[in-house]
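Step one of this worksheet: look at the structure below.
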Amino acid sequence: MNASAPALAEDAIVRLPRGVRLREDKARGGWVLLAPERVFQLDPVAREVLARVDGERDIGAIVDDLAAAFAAPRERILGDVRAMLADLILKQVLEVA
Numbered sequence: 001m002n003a004s005a006p007a008l009a010e011d012a013i014v015r016l017p018r019g020v021r022l023r024e025d026k027a028r029g030g031w032v033l034l035a036p037e038r039v040f041q042l043d044p045v046a047r048e049v050l051a052r053v054d055g056e057r058d059i060g061a062i063v064d065d066l067a068a069a070f071a072a073p074r075e076r077i078l079g080d081v082r083a084m085l086a087d088l089i090l091k092q093v094l095e096v097a
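Right under this line is the structure:
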């Protein structure tokens, strides 16, 4: 696998691969991304993004939804979302559909 982050187009669709789950961690109070032998503690922003990753919506639709929900600049959200998703792809807890 290439060690550099993938370039993600707005029309790319991402999904959680088999064996990876988004779950609420009631014991610690928060959300986690559970992967085989790994757990990623999510901050509220990452949780909002990953809650919209359903394997059907493309990155542009996720960004549009976040921009509307939080009345934030779309271009800034797009850059942040692309960077976060690319990092999770490198960690093999997200994949391009």
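Here the sequence shown is numbered in full-length UniProt numbering, starting from 1 and rising by one per residue.
Backbone N, C-alpha and C define an ideal beta-carbon position, used for all residues, glycine too.
What you are looking at is a predicted structure, and each value in this text was computed from that prediction instead of being measured.
Limits of the alpha helix (DSSP H) - the one that residue i falls within
i: Glu75; result: 74 to 90
Span of the beta strand (DSSP E) around residue i
i: Val39; result: 38 to 42
i: Val22; result: Residue 22 is actually Leu in this sequence, not Val. First-last of the beta strand (DSSP E) with Leu22: 21 to 25.
Residue i, DSSP secondary structure in three states
i: Glu10; result: coil
i: Asp54; result: coil
i: Gly60; result: helix
i: Ala67; result: helix
i: Met1; result: Note that Met1 scores a pLDDT of 42, beneath 50, so its modelled location is shaky; the value from the coordinates is reported in the next line. The answer is coil: DSSP assigns Met1 none of H, G, I, E or B.
Opposing strand residues paired with residue i [DSSP bridges]
i: residue 146; result: Lying before the first or after the last residue shown, residue 146 is absent from the chain, which here runs from 1 to 97.
i: Val32; result: Arg23, Gln41
Whether residue i touches residue j by CB criterion (8 angstroms)
i: Leu8; j: Ile59; result: yes
i: Arg74; j: Ala83; result: no
i: residue 98; j: Gly55; result: Outside the modelled stretch of the chain, which goes from 1 to 97, sits residue 98, for which no answer is possible.
i: Ala12; j: Val96; result: yes
i: Arg21; j: Leu42; result: no
i: Pro6; j: Ala69; result: no
For residue j and residue i, believed in contact at Cβ under 8 angstroms, the rounded distance
i: Phe40; j: Val32; result: 6 angstroms
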